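Contents: one structure, followed by commentary.
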Amino acid sequence: MNILAERLTKAFDALGLSAHKFAAKHGTERVNRKSVFNLVDEDTRPSFDQVVKVCELEPTISAEYLLRGIGNPIKPDYAIDNTDPCADLIDHIQKQIQDNTSLLANRATPISPDPKE
């Protein structure tokens, strides 16, 4: 069993990535797709340079974990945010609309009833 491949697979899983998604995310100019699949292959032993390349491309992955098995697959400084990136923006816009509506309501001149009626 290739312990490094197992650790790398756990790191990818923690990031919600597969070898395919990792390769697609970083593009073929920066990483060879076959090399990425070989990294997680149980029969292939990755080189030190390949491990360094993975950590450079995905700085959230802990080299300490990959090489020594110490700590977590993902560096503690990086929080994995699985929330919708638009949710905060939508909340912000809704708050602005409410604030502007209140501001306009306070500035509006009340309509007086027609004295002729």
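Numbering (the numbering used here), first residue to last: 468 to 584.
Glycine is no exception: its CB is placed at the ideal position from the N, C-alpha and C atoms.
Since we're looking at a predicted model, the values are computed, not measured.
Between the C-alpha atoms of PRO540 and LEU524 there is a straight-line separation of about 15 Å. Counting of Cβ neighbours within 10 angstroms places PHE489 among the buried residues, the total reaching 16 or more. In this structure, ASP508 and ALA472 form a Cβ contact; the two beta carbons are roughly 6 Å apart against a cut-off of 8 Å.
Distance check between LYS542 and each of ASP510, LEU533, THR527 and VAL519 places THR527 closest, using alpha-carbon atoms only. The beta carbon of CYS522 is closer than 6 Å to those of ILE528 and ALA530 in its chain, skipping five residues each way along the sequence.
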